[in-house]
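Below: the structure, in structure tokens.
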Amino acid sequence: MIDKIRKNFNEGVKTIKWIATFLAERLKAETSMARLLYTSSRLEAKVDELYRNIGRRVLELKEKGDKAIFKDFIILEAIEGIKRLNTEIEALKRKAQALSKPPD
Numbered sequence: 001m002i003d004k005i006r007k008n009f010n011e012g013v014k015t016i017k018w019i020a021t022f023l024a025e026r027l028k029a030e031t032s033m034a035r036l037l038y039t040s041s042r043l044e045a046k047v048d049e050l051y052r053n054i055g056r057r058v059l060e061l062k063e064k065g066d067k068a069i070f071k072d073f074i075i076l077e078a079i080e081g082i083k084r085l086n087t088e089i090e091a092l093k094r095k096a097q098a099l100s101k102p103p104d
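Using my numbering, the first residue of the sequence shown is number 1, and each one after it goes up by one.
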């Protein structure tokens with residue numbers, strides 16, 4: 001009788017350990033995914049700021065009567081920054097998506 005109780009108790013402990021391990025791993029994955037998405041949103045805010053900078057610079061050049069908008073150093077630098085940040089954002093989103101998929 002005691003052996004049966006001990007056996008059932010040990011099986012219950014194993015089940016609880018398995019559930020706790022599963023939940024800990026899932027929580028770790030979800031936290032990592034949230035961190036990646038938060039970083040991605042911060043990078044998107046930087047991209048928005050670069051777009052605003054381009055718009056301001058275009059208006060400044062228009063007021064001066066300058067027609068060579070795409071030759072302006074500030075605009076070219078902002079465009080390159082946008083390309084670089086978009087690449088980083090896509091990489092972060094791919095990593096987050098990979099974390100959200102359950103392991104096979």
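We treat Cβ as the ideally placed atom computed from N, Cα and C, and that holds for glycine.
The model shown is predicted, which means the values in this text are computed figures rather than measured ones.
- Here DSSP, grouped into helix, strand and coil, assigns D48 to helix.
- Taken atom to atom, the span from the alpha-carbon of R42 to that of I75 is near 21 angstroms.
- By the Cβ rule, the region 90 to 101 counts as touching the region 32 to 49, because three or more pairs are nearer than 8 angstroms.
- Contact between L50 and A78 holds, with the beta-carbon distance rounding to 5 angstroms and staying under 8 angstroms.
- It is roughly 37 angstroms from the alpha-carbon of Y38 to the alpha-carbon of V13.
- Nearest Cα to V47 within the set F22, N86, I5 and K17: N86.
- Per DSSP, I69 lies in no alpha helix (DSSP H) and is assigned neither H nor E.
- Sequence-distant Cβ neighbours of I82 in its own chain, meaning closer than 6 angstroms and more than five residues away, are V47 and L50.
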